[in-house]
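Inspection log for the structure reproduced underneath, given as structure tokens.
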Amino acid sequence: MEPTTIKFKEEELNQLKSQLQTPKQITLIGHVSPDGDSLGSTLALSLLLEKLGHTTKVVHPTDFPPSFGFLKEADKAIIAKHQPEEAIQALQEAEVIFLMDFNELKRVEQLESALASATAFKVMIDHHLHPTSDVDLCFSYPEKPATCLLLFEIIEALGYKEYIDQAMAECLYTGMVTDTGGFSYNSQDPKLYTTISELLNCGLEKDRISSYINRSYSIDKIRLSAHLLDNNLTFYPQYHTAIITMSQKDKRMFDYQVGDTEGLVNEPLAAKEILFSIFLHEQSKYTKISLRSKGSFPVNQFAKQFFNGGGHLNAAGAEVYASLAETTKIVLEAIKIMHPSHEDE
Numbered sequence: 200m201e202p203t204t205i206k207f208k209e210e211e212l213n214q215l216k217s218q219l220q221t222p223k224q225i226t227l228i229g230h231v232s233p234d235g236d237s238l239g240s241t242l243a244l245s246l247l248l249e250k251l252g253h254t255t256k257v258v259h260p261t262d263f264p265p266s267f268g269f270l271k272e273a274d275k276a277i278i279a280k281h282q283p284e285e286a287i288q289a290l291q292e293a294e295v296i297f298l299m300d301f302n303e304l305k306r307v308e309q310l311e312s313a314l315a316s317a318t319a320f321k322v323m324i325d326h327h328l329h330p331t332s333d334v335d336l337c338f339s340y341p342e343k344p345a346t347c348l349l350l351f352e353i354i355e356a357l358g359y360k361e362y363i364d365q366a367m368a369e370c371l372y373t374g375m376v377t378d379t380g381g382f383s384y385n386s387q388d389p390k391l392y393t394t395i396s397e398l399l400n401c402g403l404e405k406d407r408i409s410s411y412i413n414r415s416y417s418i419d420k421i422r423l424s425a426h427l428l429d430n431n432l433t434f435y436p437q438y439h440t441a442i443i444t445m446s447q448k449d450k451r452m453f454d455y456q457v458g459d460t461e462g463l464v465n466e467p468l469a470a471k472e473i474l475f476s477i478f479l480h481e482q483s484k485y486t487k488i489s490l491r492s493k494g495s496f497p498v499n500q501f502a503k504q505f506f507n508g509g510g511h512l513n514a515a516g517a518e519v520y521a522s523l524a525e526t527t528k529i530v531l532e533a534i535k536i537m538h539p540s541h542e543d544e
């Protein structure tokens, strides 16, 4: 299988390049509960734009997992949860805003109104289905496994690849490795691996990055994971499905920190007969649903049909404004209607 590079529309590339011709104040914003792809793409593009002479600010609605703190300038990101005025100001004063790794304005939660009313030229770079039309320029390619890979291809098409250094390579790789579950799903694109080869030539030390991401856990995180898998994991073999729940009480017991359950939803998929894994995470006002599958079962369709959520074939999510107990009941009814079969293996 030959690597397939996106053939971007020349008109769109020229439009983007024209916005970057002269130094500007540029804000980059990612989605709520930023993951490696959201944080990696905003930071990588910010570093590139600074090299091109622009002034940048990176904004995220909520905290990112501490395991990503090694990424260059991650500590300079404006977190709206703690710095609401600075975040809104960054959107209001920007001449260009890049919307990274999300497809709808509601994905920035409390910043939605400020983002919608901002007068800046808005550019969306994303790999999720059904992008909003509320932007001036949209690079939406759902076939790409990570926004960081899409961003690399845009940088390449613009002729800026020579600017990629070790720090940018680390940001881009972080997005690619995390959004594919360590290359275990949505990772068949040959371009993914040729790109990583190029990033290695830019100074990427992938083993060191993997150590930061996977071997820097707190003891409480490990104890929380063990508790949830031992006490809060239920298998439904008749539906080839497993459900993990985490309540506010569970979080208090183990001093939960953002990112402590990153990747936990994948664990039940290690069981041969389990094709669909669901993680229900109780928040203060809603319950967050994380969905993963192996094989051909479309969790994005499940998320959309029952919870107005979305995502990708093997990784999706949604939110339900209900208690954990109520959400669990709703999910159980949903999996009775739609669940994997042996044909999805």
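Position in the sequence shown (from 1) plus 199 gives the number in our numbering. All C-beta atoms, glycine included, are put in the ideal place defined by N, C-alpha and C. From a predicted model like this one, the values you see are computed outputs, not experimental measurements.
Residue closest to Leu468, alpha-carbon to alpha-carbon, out of Glu544, Ile534 and Thr203: Walking along the sequence shown from the start, residue 468 turns up at place 269. Ranking Glu544, Ile534 and Thr203 by CA distance to the CA of Leu468 puts Glu544 first.
Considering only residues of the region 208 to 280, which uninterrupted alpha helix (DSSP H) runs meet the minimum length of 4 residues and lie entirely inside it, listed in chain order? Listed in chain order, they are 209 to 218 and 235 to 250.
Short Cβ contact (8 angstroms threshold) for Lys280 with Asp300: Locating residue 280 in the sequence shown gives position 81, counting from the first residue. Locating residue 300 in the sequence shown gives position 101, counting from the first residue. One thing to note: Lys280 has its Cβ no nearer than 8 angstroms to the Cβ of Asp300.
Given a cut-off of 8 angstroms on the beta-carbon distance, is the pair Ile488 and Glu518 in contact? In the sequence shown, the residue the question calls residue 488 occupies position 289. In the sequence shown, the residue the question calls residue 518 occupies position 319. Yes; because the gap between Cβ atoms is below 8 angstroms, this pair is in contact.
What does a CB cutoff of less than 8 angstroms around Glu472 pick up in its chain, not counting 5 residues either side in sequence? Mapped onto the sequence shown, residue 472 falls at position 273. Excluding residues up to 5 positions away in sequence, Pro436 and His439 lie with their Cβ nearer than 8 angstroms to the Cβ of Glu472 in the same chain.
Spell out the partners DSSP gives Cys401 in its beta bridges. For this step, residue 401 is matched to residue 202 along the sequence shown. Beta bridge pairing from DSSP links Cys401 with no other residue.
Opening and closing residue of the alpha helix (DSSP H) in which Ile363 lies: Counting from one through the sequence shown, the residue named residue 363 turns up at place 164. It is not in any alpha helix (DSSP H) - Ile363 carries neither H nor E in the DSSP assignment.
Pick helix, strand or coil for Ala521, following the three-state DSSP scheme. For the purposes of this step, residue 521 is taken as residue 322 along the sequence shown, with counting starting at 1. Here Ala521 sits in coil by DSSP.
Could you check whether the region 484 to 501 touches the region 447 to 459, counting it as contact only if at least three pairs of C-beta atoms, one from each stretch, sit closer than 8 angstroms? No: fewer than three Cβ pairs fall under 8 angstroms.
Out of curiosity, what's the CA-to-CA distance linking Thr346 and Arg422? Stepping through the sequence shown from its first residue, residue 346 is reached at position 147. Stepping through the sequence shown from its first residue, residue 422 is reached at position 223. Rounded to whole angstroms, the separation of the alpha carbons of Arg422 and Thr346 is 32 angstroms.
What does the Cβ neighbour count give for Glu372, buried or exposed, with the cut at 16 atoms within 10 Å? The sequence position of residue 372 within the sequence shown is 173, counting from 1. Correcting the residue type first, residue 372 is Tyr in the shown sequence and not Glu. Counting every other CB atom within 10 Å of its CB across the protein chains shown gives Tyr372 a total of 16 or more, marking it as buried.
In whole angstroms, what is the alpha-carbon distance linking Val258 and Ile225? Indexing the sequence shown from 1 puts residue 258 at position 59. Indexing the sequence shown from 1 puts residue 225 at position 26. Cα to Cα, the separation comes out at about 11 angstroms.
Give the single residue among Leu242, Leu251 and Pro265 whose Cα lies nearest to the Cα of Glu272. As a first step, residue 272 is located in the sequence shown; it is residue number 73 there, counting from the start. The candidate whose alpha carbon is nearest that of Glu272 is Leu242.
Ser476 by DSSP, collapsed to three states: which one? On the sequence shown, residue 476 is found 277 positions in, with the first residue counted as 1. Reduced to three states, the DSSP call for Ser476 is strand.
Own chain partners of Leu251 with C-beta closer than 7 angstroms, once the 5 adjacent residues on each side are dropped: Walking along the sequence shown from the start, residue 251 turns up at place 52. Within the same chain, and ignoring the five residues on either side of Leu251 in sequence, the residues whose Cβ sits closer than 7 angstroms to its Cβ are Leu219.
Look up Asp388 in the DSSP assignment and say whether it is helix, strand or coil. Locating residue 388 in the sequence shown gives position 189, where the first residue counts as 1. Three-state DSSP puts Asp388 in coil, outside helix and strand.
Whole-angstrom C-beta distance between Lys390 and Thr203, which should lie under 8 angstroms: Translated into positions along the sequence shown, residue 203 becomes position 4. Translated into positions along the sequence shown, residue 390 becomes position 191. Rounded to the nearest angstrom, the Cβ distance from Thr203 to Lys390 is 6 angstroms, consistent with a contact under 8 angstroms.
Should Asp333 be labelled buried (16 or more other beta-carbon atoms within 10 Å of its own) or exposed? Translated into the one-based positions of the sequence shown, residue 333 becomes position 134. It counts as exposed.
Neighbourhood of His253 by C-beta distance below 6 angstroms, restricted to the same chain and skipping five residues each side: If you number the sequence shown from 1, residue 253 lands on position 54. Once the five neighbours on either side are set aside, the close Cβ partners of His253 are Pro222, Lys223 and Ile225.
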